[in-house]
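K.L.:
This is the structure, below, for whatever I ask next.
Number of protein chains: 2
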Amino acid sequence: MDRFVSTFTNKIDAKGRVSIPASFRAVLERDGYAGGIAGGLYCYPSLDAQALDAGGERLAKKIDGLLAGLPDYSDERDELSVALYGDVQVLSIDGDGRIVLPESLRAHAHLDAAVSFVGLGEKFQMWEPKRFEERRAEARSKIQVTRKLFAAGSRPSGDGGDEGARE
Amino acid sequence: MDRFVSTFTNKIDAKGRVSIPASFRAVLERDGYAGGIAGGLYCYPSLDAQALDAGGERLAKKIDGLLAGLPDYSDERDELSVALYGDVQVLSIDGDGRIVLPESLRAHAHLDAAVSFVGLGEKFQMWEPKRFEERRAEARSKIQVTRKLFAAGSRPSGDGGDEGARE
DNA sequence: TCAAATCCCATGCGATCCCATAAAGGCCCG
DNA sequence: CGGGCCTTTATGGGATCGCATGGGATTTGA
Chain A
1 MDRFVSTFTN
11 KIDAKGRVSI
21 PASFRAVLER
31 DGYAGGIAGG
41 LYCYPSLDAQ
51 ALDAGGERLA
61 KKIDGLLAGL
71 PDYSDERDEL
81 SVALYGDVQV
91 LSIDGDGRIV
101 LPESLRAHAH
111 LDAAVSFVGL
121 GEKFQMWEPK
131 RFEERRAEAR
141 SKIQVTRKLF
151 AAGSRPSGDG
161 GDEGARE
Chain B
1 MDRFVSTFTN
11 KIDAKGRVSI
21 PASFRAVLER
31 DGYAGGIAGG
41 LYCYPSLDAQ
51 ALDAGGERLA
61 KKIDGLLAGL
71 PDYSDERDEL
81 SVALYGDVQV
91 LSIDGDGRIV
101 LPESLRAHAH
111 LDAAVSFVGL
121 GEKFQMWEPK
131 RFEERRAEAR
141 SKIQVTRKLF
151 AAGSRPSGDG
161 GDEGARE
């Protein structure tokens, strides 16, 4: 498996530590985090949600690639640099597979007692569990609509509905 | 890690000293600063912001490269030379990883009680914390716009929305 | 000789490492 | 097919380490 999949909820302990789900760790290990202990978890506030985005080397490379394409002293590059590099935190993963979330990141996502890790393929997000539930419910209803549109056009519809459970 | 990443805020003490974030020091050490403690921190007023730019050997080389690209006796080159080299200071880093900012530099960035160190990949900036927060907010909102334009113009849409956040 | 800059040491807080426990899941063997 | 053992994983706590910061001591330069 080489993508972040499904959702896990873990607790934040008194020291602010959270265990990264084992399956996510496995993905990180084979994506750049492998080959060297030096790597870390790249983490930053989601631009359009009260959540955090995170990923491994692959994600970092992507950011680099974006910037590499822009001229050195352009305004555009400056803006992007600040928004990307400035907001990014490189979190180290301890021997037990845990990270500590800096205050600034916790604040953005309103994290206090627990964190929901949500796999999104090449990266994953970290949500405050309640907020994520709301968001998920919302996403589901939207999917429903989309699916019905699809069904109307090409499918016989009429299945139980459990099919689309996982978004 | 060989790039300046993320943001740290440290205090200026009564003697005008500031600690350089440990992770930035690590980057400096392997970039030209390595090979000898003799090296220093290249630091100059940002051309387009009330902040300071700083970096190690790699940054110095880059500036050289920039200038090399311009015709020898052009006005452009003269202006850039003055703008860049003219105000460059080579700051020494003491045994505890601290620097002292000359008055001229402090004035340009309005630094007094604390400094925010902002990683920008190959270099970093030093900001008065409040000013940086404003700048960051601005950069973020601009990125929002850029991203939405991207999404609207070239992407099939229909994804959750946050997936492509940083692309 | 005095002021200012540099070096060296002390300290407190936060981060990191290491170990212990417990719950869960998987596997093998009966 | 079922039960028990063993491995993996999450979580908690204690101890240790490193870093940021502050204060003195010492040197440098005017």
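Heads up: the sequence lines are chains A and B, in that order.
All letters in the first sequence, in the order written, are residues 1 to 167 by full-length UniProt numbering.
All letters in the second sequence, in the order written, are residues 1 to 167 by full-length UniProt numbering.
Where a beta carbon is used, it is the ideal one built from N, C-alpha and C, also for glycine.
Keep in mind the model is a prediction, meaning the values are calculated, not measured.
To be precise: take each residue of the stretch 86 to 109 of chain B, compare its Cβ to all Cβ atoms of chain A, and keep it if any distance is under 7 Å. Which residues remain?
P.N.:
Result list empty, no residue passes.
K.L.:
Report yes if the CB atom of GLN125(A) is closer than 8 Å to the CB atom of LEU41(A), and no otherwise.
P.N.:
In this structure, LEU41(A) does not lie closer than 8 Å to GLN125(A) by Cβ.
K.L.:
Closer than 7 Å by beta-carbon distance: list the chain B residues that pair up with ALA83(A), in chain order.
P.N.:
Near ALA83(A) (Cβ distances below 7 Å), the residues of chain B are ALA139, ARG140 and ILE143.
K.L.:
Taking C-alpha atoms, which residue in ALA114(B), LEU91(B), ASP78(B) and LYS130(B) lies nearest to GLY55(B)?
P.N.:
Minimum Cα distance to GLY55(B) is reached at LEU91(B).
K.L.:
Taking 8 Å as the CB-CB limit, is PHE111(A) close to chain B?
P.N.:
A small correction: the amino acid at residue 111(A) is Leu; Phe does not occupy that position in the sequence shown. It does not; no Cβ of chain B falls within 8 Å.
K.L.:
Which parts of the UniProt domain "SpoVT-AbrB" (7 to 57) of chain A are runs of the alpha helix (DSSP H), unbroken and 4 residues or longer, counting only runs that do not cross its ends?
P.N.:
The UniProt domain "SpoVT-AbrB" (7 to 57) of chain A contains these whole alpha helix (DSSP H) runs: 22 to 30.
K.L.:
Which residues, in order along the stretch 115 to 137 of chain B, keep a beta-carbon less than 7 Å from a beta-carbon of chain A?
P.N.:
Cβ contacts with chain A: VAL118, GLY119, LEU120, GLY121, ARG135 and ARG136.
K.L.:
Does DSSP put ARG98(A) in a helix, a strand or coil?
P.N.:
Note: ARG98(A) maps to strand in three-state DSSP.
K.L.:
Helix or strand or just coil, what does DSSP make of SER74(A)?
P.N.:
The answer is coil: DSSP assigns SER74(A) none of H, G, I, E or B.
K.L.:
Taking only beta-carbon atoms, is ALA151(A) less than 8 Å away from chain B?
P.N.:
With 8 Å as the cut-off, ALA151(A) does not count as an interface residue toward chain B.
K.L.:
For GLU29(A), which residues in chain B fall below 7 Å Cβ to Cβ?
P.N.:
The contacting residues do not exist; GLU29(A) stays about 17 Å from chain B at best.
K.L.:
Among LEU28(B), VAL115(B) and ASP87(B), which has the Cα closest to the Cα of GLU133(B)?
P.N.:
Closest by alpha carbon: VAL115(B).
K.L.:
Applying the criterion that 16 or more other CB atoms from any shown protein chain within 10 Å of the CB defines a buried residue, is PHE150(A) buried or exposed?
P.N.:
So PHE150(A) ends up on the exposed side.
K.L.:
What residue from ILE12(A), ASP31(A) and LEU70(A) has the CA that sits closest to LEU59(A)'s CA?
P.N.:
Among ILE12(A), ASP31(A) and LEU70(A), the Cα nearest to that of LEU59(A) is on ASP31(A).
K.L.:
Are any of the Cβ atoms in chain A nearer than 8 Å to that of SER74(B)?
P.N.:
Taking Cβ atoms only, chain A never reaches closer than 8 Å to SER74(B), which makes this a no.
K.L.:
Can you tell me which of the three DSSP states GLY119(B) falls into?
P.N.:
It is a strand residue.
K.L.:
Please classify THR146(A) as buried or exposed, where buried requires at least 16 other C-beta atoms within 10 Å of its C-beta.
P.N.:
Result: exposed.
K.L.:
Residues bridged to GLN89(B) by DSSP?
P.N.:
According to DSSP, which records beta bridges pairwise, GLN89(B) is partnered with CYS43(B).
K.L.:
Got a sec, what are the start and stop residues for the alpha helix (DSSP H) HIS108(B) sits in?
P.N.:
Note, HIS108(B): alpha helix (DSSP H), 103 to 109.
K.L.:
How is the beta strand (DSSP E) around PHE124(B) delimited, first residue to last?
P.N.:
It spans 124 to 127 - the beta strand (DSSP E) in which PHE124(B) sits, taken as one unbroken run.
K.L.:
So, under 8 Å CB-CB, GLY69(A) and ARG136(B) are touching, yes? Tell me the CB distance rounded to an integer number of Å.
P.N.:
With a Cβ gap of about 22 Å, GLY69(A) and ARG136(B) do not count as contacting.
K.L.:
Considering Cα atoms alone, identify which of ALA139(B), ALA113(B) and GLY119(B) is closest to VAL18(B).
P.N.:
With distances taken between Cα atoms, VAL18(B) lies closest to ALA113(B).
K.L.:
Counting Cβ pairs closer than 8 Å, one from the stretch 2 to 16 of chain B and one from the stretch 71 to 89 of chain B, do we hit at least three?
P.N.:
In short, these stretches do not touch, since the Cβ pair count stays below three.
K.L.:
DSSP three-state call for ALA83(B): helix, strand or coil?
P.N.:
Note: ALA83(B) maps to helix in three-state DSSP.
K.L.:
For LYS123(A) and LEU67(A), I'd like the C-alpha separation in whole angstroms.
P.N.:
When rounded, the distance between both Cα atoms is 19 Å.
K.L.:
Comparing C-alpha positions only, which one of GLU79(B), ILE143(B), ALA109(B) and PHE24(B) sits nearest to LYS130(B)?
P.N.:
Nearest option by C-alpha distance: ALA109(B).
K.L.:
Check the Cβ-Cβ distances between residue 172(A) and every residue of chain B, and say whether any is below 8 Å.
P.N.:
In this structure chain A extends from 1 to 167, so residue 172(A) is not present and cannot be described.
K.L.:
Run down chain B in chain order and give the residues with a C-beta less than 8 Å from the C-beta of LEU67(A).
P.N.:
Neighbours of LEU67(A) on chain B, chain order: GLY121.
K.L.:
Just the C-alpha distance for PHE24(B) and SER104(A), rounded to the nearest angstrom, thanks.
P.N.:
Each residue's Cα considered, the two are about 19 Å apart.
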